[in-house]
Amino acid sequence: MSLLLMIIGAVLVAVLLAFAIVKYLPLNLRWIPSIILLAVAVFLGFKIYGGIMEPIQFNKDKVKKYAPVVENLKIIRDAEIKFYEKYGRYTNNKELLIAFIEQAKLAITETRTIVEKENRGGGIIVDVERRVTDTIGYEPVLKYFEGRDYKNMFKVPGVEGVEFELEVAKVEKVQGLIVPTFMARTSKKGILAGMNESLVKQELEAIETDQIKGEYVSVGSLDEVTTGGNWPPSYDKPGEKKQE
Numbered sequence: 001m002s003l004l005l006m007i008i009g010a011v012l013v014a015v016l017l018a019f020a021i022v023k024y025l026p027l028n029l030r031w032i033p034s035i036i037l038l039a040v041a042v043f044l045g046f047k048i049y050g051g052i053m054e055p056i057q058f059n060k061d062k063v064k065k066y067a068p069v070v071e072n073l074k075i076i077r078d079a080e081i082k083f084y085e086k087y088g089r090y091t092n093n094k095e096l097l098i099a100f101i102e103q104a105k106l107a108i109t110e111t112r113t114i115v116e117k118e119n120r121g122g123g124i125i126v127d128v129e130r131r132v133t134d135t136i137g138y139e140p141v142l143k144y145f146e147g148r149d150y151k152n153m154f155k156v157p158g159v160e161g162v163e164f165e166l167e168v169a170k171v172e173k174v175q176g177l178i179v180p181t182f183m184a185r186t187s188k189k190g191i192l193a194g195m196n197e198s199l200v201k202q203e204l205e206a207i208e209t210d211q212i213k214g215e216y217v218s219v220g221s222l223d224e225v226t227t228g229g230n231w232p233p234s235y236d237k238p239g240e241k242k243q244e
């Protein structure tokens, strides 16, 4: 808006100046306002170019800032999922979750079908198939986090001294069925600190499907049964966001 007002104001000034030149200024002095108008035109050109390029550069820069934040949230999500597989619940204890990755083991199971004889009475015996699940071994949780910086997963990349909020809750999925939930999140405002305030304000209100929606970058939900993040699918494509 400020750029548009500047352009309109400059056009009005140019029109008035041109009128004054034609009406009042002697021919031998008309080169002076011509130089002034040229300088104004160059200035406006730079302003217009900057006004066009600033949002484009902002979008590139925000993606670079968001990408490592999303990666850490993915590690937190995967840790919570493995914790749930073992204990049937989520945790908001950050130290416990890190220790779980380093020390816990998950059962390796095998499901097979067996056939048993079932007496239906009256001398009738039929074959009945049953599925049986056996534990055949154990594997360390750490196996799923090799090469991933899980020890620093709660730190918000690029924001000094700030960690992700981590909360757990329970929701009624259907009547009588209570299901645990979790959510990890951090404010976009902290990640984008120092960038154009007007563009940051627009970003906090983003609702487009190809954007990270809302004021936070988050994974999970306290109100819904989901382990998904609020980022678009493009952040899940290996290497794509790092190249921009």
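The opening residue of the sequence shown carries number 1 in UniProt numbering; numbering runs sequentially from there.
Here a beta-carbon is modelled for each residue, glycine too, at the ideal position from N, C-alpha and C.
Are the beta-carbon atoms belonging to residue i and residue j less than 8 Å from one another?
i: Gly-194; j: Val-156; result: no
i: Thr-186; j: Val-217; result: yes
i: Pro-180; j: Tyr-90; result: yes
i: Gly-158; j: Pro-232; result: no
i: Ile-75; j: Met-183; result: no
i: Ala-104; j: Val-162; result: no
i: Glu-118; j: Val-128; result: yes
i: Phe-43; j: Asn-196; result: no
i: Asn-92; j: Val-171; result: no
Taking all protein chains shown into account, decide if residue i is buried (16 or more other Cβ within 10 angstroms of its Cβ) or exposed.
i: Gly-228; result: exposed
i: Asp-78; result: buried
i: Lys-62; result: buried
i: Ile-208; result: The identity of residue 208 in the sequence shown is Glu, whereas the question assumes Ile. Exposed, by the Cβ-count rule.
i: Phe-145; result: buried
i: Arg-112; result: exposed
i: Leu-222; result: exposed
i: Leu-97; result: buried
i: Tyr-87; result: exposed
i: Leu-166; result: buried
i: Ile-178; result: exposed
i: Glu-80; result: buried
i: Gln-243; result: Because the pLDDT at Gln-243 is just 36, under 50, the model does not fix this residue reliably, and the point stays unresolved.
i: Ile-212; result: buried
My understanding is that residue i touches residue j, with C-beta atoms under 8 Å, so please give their C-beta distance in whole angstroms.
i: Ile-101; j: Gly-137; result: No, Ile-101 and Gly-137 are not in contact; Cβ-Cβ is about 19 Å, not under 8 Å.
i: residue 252; j: Glu-116; result: Here the chain comprises residues numbered 1 to 244, so residue 252 is not present and cannot be evaluated.
i: Lys-188; j: Glu-205; result: The Cβ separation is near 10 Å, so there is no contact.
i: residue 265; j: Leu-199; result: Only positions 1 to 244 of the chain appear in this structure, which leaves residue 265 out of reach.
Could you say which of the options lies nearest to residue i if we only look at CA atoms?
i: Tyr-84; options: Asp-236, Arg-148, Thr-226; result: Thr-226
i: Thr-135; options: Ile-114, Ile-124, Gly-123, Glu-110; result: Glu-110
i: Val-40; options: Leu-12, Lys-60, Asn-59, Lys-62; result: Leu-12
i: Tyr-150; options: Ser-221, Gly-176, Lys-94; result: Lys-94
i: Lys-143; options: Leu-106, Asn-72, Glu-165; result: Leu-106
i: Lys-237; options: Ile-56, Gly-45, Val-70; result: Val-70
i: Ile-114; options: Lys-213, Thr-133, Gly-147; result: Thr-133
i: residue 249; options: Asp-210, Leu-73, Gly-123, Phe-164; result: In the structure as shown, the chain begins at 1 and stops at 244. Residue 249 is therefore absent and cannot be evaluated.
i: Lys-173; options: Glu-224, Glu-160, Leu-166; result: Glu-224
i: Tyr-235; options: Glu-215, Leu-177, Asp-210; result: Asp-210
With 8 Å as the threshold, decide whether the Cβ of residue i is near any Cβ in chain C.
i: Ile-101; result: The structure shown has no chain C; it contains just one protein chain.
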